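Mapping of the sequence shown onto our numbering: position 88 corresponds to residue 92, and the numbering continues sequentially without gaps. The next block holds one structure in the form of structure tokens; read it before the comments.
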Amino acid sequence: MIGLCLGLAGVVWAEVPTAEFTLAWNHTIEKIRWEEDYRVTSEGLLLGEARVKGSGAGMEIPDDAELRDGAWHYQRQMPPLQPLRVGRTPEAGDYQLCFNQRCHAMSEWLGPPKAEQPALELWSCAAQAVGST
Numbered sequence: 005m006i007g008l009c010l011g012l013a014g015v016v017w018a019e020v021p022t023a024e025f026t027l028a029w030n031h032t033i034e035k036i037r038w039e040e041d042y043r044v045t046s047e048g049l050l051l052g053e054a055r056v057k058g059s060g061a062g063m064e065i066p067d068d069a070e071l072r073d074g075a076w077h078y079q080r081q082m083p084p085l086q087p088l089r090v091g092r093t094p095e096a097g098d099y100q101l102c103f104n105q106r107c108h109a110m111s112e113w114l115g116p117p118k119a120e121q122p123a124l125e126l127w128s129c130a131a132q133a134v135g136s137t
């Protein structure tokens with residue numbers, strides 16, 4: 005089964021057995037929630053729809069975005085990301101991974117964000133089946 009690996013420089017810190025997920029976070033300054041939907045493929049992570057609940061510093065809403073249910077919805081055409089690199093520091097707060105209709109803080113798998121590990125990579129990988137050894 006294909007899944008999502010979390011780690012850095014190819015070193016796996018955690019595996020999440022999911023083929024689809026939403027990466028969610030709050031903007032560090034504006035405190036506005038962002039969400040990006042991804043599909044895990046053998047080529048990498050494919051970005052689907054993205055949503056943001058407002059605009060502000062460094063948060064320009066694309067011209068083709070549509071306002072629905074209190075958030076701007078849009079899609080960007082990008083090649084598969086392998087890996088997707090994100091910053092993760094105590095000051096910025098934690099990301100959430102949402103799948104199977106539930107959101108989880110990254111800290112559930114990785115512990116809290118640490119200043120000495122300010123980056124995280126997500127990539128597609130062969131995930132262990134739940135219950136296998």
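Every residue gets a Cβ at the ideal spot worked out from N, C-alpha and C, and that includes glycine. In this text the structure is predicted, and so the values were computed from the model without any measurement.
- Measure from the alpha carbon of E34 to the alpha carbon of each residue in N104, P116, G62 and P117, then state which is nearest. G62
- Item | Boundaries (first-last residue) of the alpha helix (DSSP H) holding S111 | For S111, the uninterrupted alpha helix (DSSP H) run begins and ends at S111 to L114, by DSSP.
- Query: Can you tell me whether DSSP reads G135 as helix, strand or coil?
  - Reply: Reliability of the predicted coordinates at G135 is poor, the pLDDT of 45 falling under 50, and no value is obtained from them.
- Message: Please identify the residue among R106, W38, A23 and P94 whose C-alpha is closest to the C-alpha of W29.
- Response: W38
- Task: Tell me, please, which residues DSSP counts as bridged to N104.
- Result: Beta-bridge pairing links N104 to no other residue.
- Message: Going by C-alpha to C-alpha distance, which of P66, P84, L85 and Q86 sits closest to H77?
- Response: Checking every option, the nearest Cα to that of H77 belongs to P66.
- Item | Own chain, CB closer than 7 Å to C102, minus 5 neighbours either side, in chain order | F25, T26 and A28
- Which residues in the same chain as G3 place their Cβ atom closer than 8 Å to its Cβ, once the five residues preceding and following it in sequence are excluded? Not covered by the structure: residue 3. The range shown for the chain is 5 to 137.
- Query: In three-state DSSP terms, what is H77?
  - Reply: Strand at H77.
- Item | At least 3 beta-carbon pairs within less than 8 Å: the segment 91 to 100 vs the segment 114 to 129 | yes
- Which same chain residues, not among the five before or five after Q79, have their C-beta less than 6 Å away from its C-beta? E53
- Task: Work out the CA separation of G97 and L10 for me, nearest whole Å.
- Result: 17 Å
- Task: Tell me where the beta strand (DSSP E) around P53 begins and ends.
- Result: Contrary to the premise, residue 53 reads as Glu rather than Pro in this sequence. Start and end: G48 to V56.
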